[in-house]
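When we follow the numbering used here, the leftmost residue of the sequence shown carries the number 75, and every step to the right adds one. Built from N, CA and C at the ideal position, the CB exists for glycine as well. I have placed the structure first, in the form of structure tokens, so that the comments after it can refer back to it.
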Amino acid sequence: MTVLRVGNFSGFYGDRAAALREMLTGGEVDVLTGDYLAELTMLILARDRLKDPSAGYARTFLRQLEDCLGLARERGVKIVVNAGGLNPAGLAEATRELAGRLGVPAAVAHVEGDDLTARHPGALAAHAYLGGFGIAECLRAGADIVVTGRVTDAALVTGPAAAHFGWRPGEYDRLAGAVAAGHVLECGTQATGGNYAFFREGDVRRPGFPLAEIHADGSSVITKHPGTGGLVDVGTVTAQLLYETGGGRYAGPDVTARLDTARLSQDGPDRVRIEGVRGEAPPPTLKAGLNRLGGFRNEVTFVLTGLDIEAKADLVREQLTDALAKSPPAEARWELVRTDRADAGTEETASALLRLVVRDPDERVVGRALTGAAVELALASYPGFHVLSPPEKGTPYGVFEDVAVAHGAVDHTAVLPDGRRVPVPPPRDTRPLSDVPTPPLPAPLPAGPTRRAPLGLVAGARSGDKGGNANVGVWARTDDAWRWLAHELTAERFRQLIPESRDLPVTRHVLPNLRAVNFVVEGILGAGVAARHRFDPQAKALGEWLRSRHLDIPETLL
């Protein structure tokens, strides 16, 4: 059968509004996918639903569709989105109403069964990650638009591929290849030069959105529409394959994809071929994400300018600790960020920042008690006292955790355009998930002169979050650089370079086909992004910090 061209027009809730039109008008495409959901997004939508039971979906999708529905139908492009969030049936109905108002006939279907909130008392939202076969059922029934709730990000691609090529459950290699393509597409322009370690190698001011040409055997070519910005090369695709993954086995509800078997090659300008991805039976359980209210938080950032920075920080810490002694918050974190310079030419560059973050189950403890204590110091603390912004009342924060549920615990259902409900059965075969045995390392580089230099001169990195854990994927650009990196950047070396990780479990996964190592740092993000545990709560820049650290690098690589 012919190649299936699947594009992406959204990598998160709030992505470029014009992207749907750009993808429809920029070149040939068969299916357009939109990924709107992240762990934090589910919490945001859950809070929306508390205020309005008919809410709970990404309303921005409707605004994009209003502008482009006629164009999509004229060009015969199918649209598959997980914008349904907590209320896929509600978004499907709103989409039908929009199509009727515009006078554009469109067959709309949706997928449901992921919502497990009722089974988890105390959770604002609890949702299983479903696979792609519900989407496939909808498309086989003639749907023009498919709306889902919480499915895996890659399911937005595996579902259309299964429908187009007639794949059935158990065709693991084909499904795994589509998972790899889907994982590359899911974050939109991160595959085309956005957030890319070597961003200066292309014009990334406005990257085009990515496109995958998927073949019947599951192999694919990642590309973008002609004339759009950004770049697609082995590095941009490698970075995205490593993003928010771990070891060689990447588990999903339909298949466990062996990312360690993926082979990448440049297939022409802005074209990267992914092939050789093997698949295995999925695990016996599904991942489910639970969001609950963790308590209340507040923060205040003090500006310390000029001389005696450490002494000024000590003074205000002591003053506020005394002021809050009667009702101390359950958690108080102080961070002194030394952005100051000696003999600075501007006041900003002469200043350091002292940040206090407090959390407590009681809103009053982190609200008026903190703001009053901080404000009262205005004329009674260190010289030059001021804050970045006045402290405000405490705000609620969420806590994310993932749990495992049996496949049979969900009622995965495809609701077809004519209203028929088709159950999607769980997989017949499963395989317990286990780590891939550590592969042999390449021969080390011969001994020779070295130079102290940043890791980023010879390696790229991309990092992200999964609940309270962070992952940092690091890849080499040449075979010689890989020979050095594989032996040098051990888990112990990682702990030395990233002091925050020294007391945390750090696991290194080796992926020779990608010339990469992928680190998982457990617990570095606390209770997840919604809890805003650290300065960079989603670990988005953790990889760039690592690249800036200095090591003894062989001069032959520099």
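- Within the model, the alpha-carbon separation for F239 versus R332 is close to 21 Å.
- If you look at T469, you'll find it in the beta strand (DSSP E) that goes 469-480.
- E260 and Y456 have their C-alpha atoms roughly 49 Å apart.
- Take the alpha-carbon of A521 and the one of D89: they are about 48 Å apart.
- Annotation note: the segment 211-245 contains the following uninterrupted alpha helix (DSSP H) runs of length 4 or greater, listed N- to C-terminal: 229-239.
- Every beta strand (DSSP E) of 3 residues or more that sits fully in the segment 287-336 is shown, in chain order, as 294-298, 330-332.
- In the DSSP secondary-structure assignment, R347 is bridged to V295, S339.
- Counting only runs of 4+ residues, the alpha helix (DSSP H) found wholly inside the segment 542-598 occupies 553-562, 565-571, in chain order.
- Membership of F609 in any alpha helix (DSSP H) is not indicated, and neither H nor E is assigned to it by DSSP.
- A buried status is given to P403, since no fewer than 16 other beta-carbon atoms sit within 10 Å of its beta-carbon.
- Ranked by Cα distance from D247, the first of Y324, I296, G262 is Y324.
- By the criterion of a C-beta distance shorter than 8 Å, R242 is surrounded in its chain by A236, once the five residues flanking it on both sides are discounted.
- In the DSSP assignment, K125 falls within the alpha helix (DSSP H) that extends over 113-125.
- Leaving aside the five residues that flank A91 on each side, the residues in its chain whose CB is nearer than 8 Å to its CB run, in chain order, T134, R137, Q138.
- Nearest Cα to M116 within the set T552, G541, L599, E562: G541.
- Note on G534: 16 or more other CB atoms within 10 angstroms of its CB, so buried under the neighbour-count rule.
- Excluding residues up to 5 positions away in sequence, V594 lie with their Cβ nearer than 6 Å to the Cβ of T581 in the same chain.
- Taken through DSSP and simplified to helix, strand or coil, L143 comes out as helix.
- Residue nearest to P573 within the set L616, N587, R123 is L616 (criterion: CA-CA distance).
- Within the same chain, Cβ atoms closer than 8 Å to the Cβ of A163 are found at H184, E186, V489, the five residues on either side in sequence being excluded.
- Taking every protein chain shown into account, the CB of S508 has fewer than 16 other CB atoms within 10 angstroms, so this residue is exposed.
- In the structure shown, T504 falls within a coil segment according to DSSP collapsed to helix, strand and coil.
- By the C-beta density criterion, R224 is buried, having at least 16 other C-beta atoms within 10 angstroms.
- Counting the other Cβ atoms within 10 Å of the Cβ of P327 gives 16 or more, which makes it buried.
- When secondary structure is reduced to three states using DSSP, G530 falls in the helix class.
- Contact annotation, A202 with L360: C-beta distance approximately 5 Å; criterion of less than 8 Å satisfied.
- Close CB contacts of A565 within its chain, under the 8 Å cut and outside five residues either way in sequence, are with V580, T581, R582, F593 (chain order).
- As far as DSSP is concerned, P523 takes part in no beta bridge.
- The residue from N161, R442, L631, F568 with its alpha-carbon nearest to that of L578 is F568.
- The three-state reading of DSSP puts K386 in helix, counting H, G and I together.
- Annotation for V440: no beta strand (DSSP E) segment contains it, though the alpha helix (DSSP H) segment containing it runs 437-440.
- In terms of Cβ geometry, G419 and P284 do not form a close pair [threshold 8 Å].
- Distance from the Cα of Q393 is smallest, within the candidate group E450, P611, R536, for E450.
- Residue pairing by DSSP places E186 opposite T487 in a beta bridge.
- Counted as a single uninterrupted DSSP element, the beta strand (DSSP E) harbouring L430 occupies residues 425-434.
- If you draw a straight line from the Cα of K125 to the Cα of V440, it comes to about 24 Å.
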